[in-house]
Amino acid sequence: MTGSSSNKWLFSTFMGGREQRLFDGQSGQPLRKTRGAVHPMSAIRFAAFAVLMACLSMAVSKETDSPVKTIDNKQLEDMLMAGIPLETITKMLQDNPNAKMSDLPEEMIRLKKAAQEGGMDPREQKTLLNMVIDLANKEKTRIKGLIDQYMNICINGDKAEYESMMRQIMREGRMVVTELRKHIEEENELKRMGVVDALGRLGEKSALVVKDVKLMLGDRDAGVREKAAEALAKIAPPEIVDELIEALERRLVEHLDGIATALGKFGNEKAVKPLARLLTQVADPNARRAAALALGDLRTKDVQAINALLDAVLDDQDAQLRAYAAGALGLIGERRAVGYIIRSFQRYEQRPGRDELLRQLKYFKMLKVVDFLIPCTDKDAPDIRRAAQETLQILTGSDANSREGWEAVREVIRDRPDWNLDGEQVTSTPK
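Residue numbers (my numbering): 108 to 538.
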């Protein structure tokens, strides 16, 4: 029998043959034959038949070295509901190296219900479920090996290897979540960071995973806390903002920067005032920096928050906070920040970090900013020269590389209306 005629025979047999008598599902009385009459199970049977044919193409795939199709719990459930015999299902599962079964309780309940609806004998149901458990155990072993490899790459791999492994994990989907969660309390911070990163990218929104990631906001490592904040924003419901605000206000964890970072990513204005208070009232530098960045992420227009950020640009202790606050004001679009950035740059001329502060002027397309930056392009400090040069390139789109070149660019743009945003020019030059 050829492959085509074999498939036709299988389809006819599977659908019950052309002369099958049709019966009403409630009364049990024969239905009158009419052109186009459809058995109540025909749609399900047809869908399951498509799955069956895809799985049976495995034999052809082996001969042609083409990829073998995956069979998972959902496809098995469809086949069971359609009444495919256990013998056929067994052959498909045992012959398919890509059979990915899960024995989670909710999955097993669905499979048993589907087998019952498909009319499978109770003893066959037991045999089927035991087979699923065996396959699931093999799958767990494979997944464990995959995640162990991922944990190793988190420590020893480069960025390209990490992203390649991450793509493989994404293809696995929910199957890897349980194994990933086992590693969330690893001693090595790079492993913990990799776990929360993967959970976030997978988009697993179950309550257990959200709880795990939320707890990592208080991790002892700042990098893990930041990655947990990114992951939480991808998987947690919007109402978690209230929980995070309460934790922030009550100081429920030792490290508050993770919570602050997360609040900035949810885009909820309710977080603005708590973050402004964190910026002004807490001594911990990590928490203050995170609060400044979060206020920028929120693009807040709250006067109290903006004033707190302006004050932070002039902070006399933390150069990184000065730069973060300046960048936040740039994202918000607060033009007063230009004067504060220039004043801070001049005030702390002997302090490190002035180059990063200078770079935050990239957000302000003002002629006075260009006038301030041009003299910086020929200063003695190489980091200042480089920062001024790169910031001018961002603002103007020009590739000038000398003070004279930038003076010529300034002459070109000075009469353009999109550059006359502020008539007041900066007359002082940076020290």
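All C-beta atoms, glycine included, are put in the ideal place defined by N, C-alpha and C. In this text, all values refer to a predicted model and were calculated from it rather than measured experimentally.
* **Extent of the continuous alpha helix (DSSP H) run through residue 431** => 426-439
* Asked: How many angstroms separate the CA atom of residue 192 from the CA atom of residue 198?
  -> 10 Å
* Among 242, 322, 319 and 226, which has the Cα closest to the Cα of residue 206? -> 242
* Tell me where the alpha helix (DSSP H) around residue 63 begins and ends. => As shown, the chain starts at 108 and ends at 538. That puts residue 63 outside it, with no answer to give.
* Same chain, Cβ closer than 7 Å to residue 451, five either side skipped, listed in chain order -> 420, 421, 429 and 464
* Would you check if the distance between the CB atom of residue 222 and the CB atom of residue 187 is smaller than 7 Å? => yes
* **Residues that residue 352 bridges to, as DSSP identifies them** => Its beta-bridge partners do not exist; DSSP assigns none.
* To do: Determine the closest residue to residue 320 out of 328, 332 and 327, with distance taken between C-alpha atoms.
  => 332
* For residue 291, which three-state DSSP category applies? -> coil
* Using the rule of at least 16 other Cβ atoms within 10 Å of the residue's Cβ for burial, across every protein chain shown, is residue 519 buried or exposed? -> exposed
* Could you have a look at residue 255 and say whether DSSP puts it in helix, strand or coil? => helix
* Measure the alpha-carbon distance for residue 523 versus residue 454 and round it to whole angstroms. => 32 Å
* Other residues of its chain near residue 125: CB distance less than 6 Å, five sequence neighbours each side excluded -> Unreliable positioning characterises residue 125 in this predicted model, as indicated by a pLDDT of 39, which lies under 50. The coordinate reading is nonetheless provided below. Nothing meets the Cβ criterion.
* Should residue 348 and residue 373 be called a contact, given that it needs their Cβ atoms to be closer than 7 Å? -> yes
* Residue burial classification, residue 244 (beta-carbon count within 10 angstroms, cutoff 16) -> exposed
* To do: Let me know the alpha helix (DSSP H) ranges lying completely inside the stretch 272-350, each 4 residues or longer, listed in chain order.
  => 284-288, 296-309, 314-322 and 329-342
* Asked: Just checking my contact of residue 246 with residue 284 at CB under 8 Å: how many whole Å lie between their CB atoms?
  -> Wrong, their Cβ atoms sit about 13 Å apart, outside the cutoff.
* Proximity of residue 238 and residue 257 at Cβ, strictly below 7 Å -> no
* **With 16 other Cβ atoms within 10 Å as the buried cut-off, status of residue 441** => buried
* Asked: Around the C-beta of residue 267, are 16 or more other C-beta atoms found within 10 angstroms, so that it is buried, or is it exposed?
  -> exposed
* **Start and end residues, alpha helix (DSSP H) containing residue 379** => 379-388
* Asked: If you compare alpha carbons, which of 204, 203, 232 and 344 is closest to residue 215?
  -> 232
* Is it right to say residue 467 is buried, meaning 16 or more other beta carbons lie within 10 angstroms of its own, or is it exposed? -> buried
* Decide if residue 196 is buried, meaning its Cβ has at least 16 other Cβ atoms within 10 Å, or exposed. => buried
* Per DSSP, what kind of secondary structure is residue 178 in: helix, strand or coil? -> strand
* Which of helix, strand or coil DSSP assigns to residue 469 -> helix
* To do: Report the partner residues of residue 206 according to the DSSP bridge assignment.
  => 178
* **Residue of 234, 458, 439 and 328 minimising C-alpha distance to residue 296** => 328
* Asked: Since residue 218 is in the alpha helix (DSSP H), which residue starts that stretch and which ends it?
  -> 212-224
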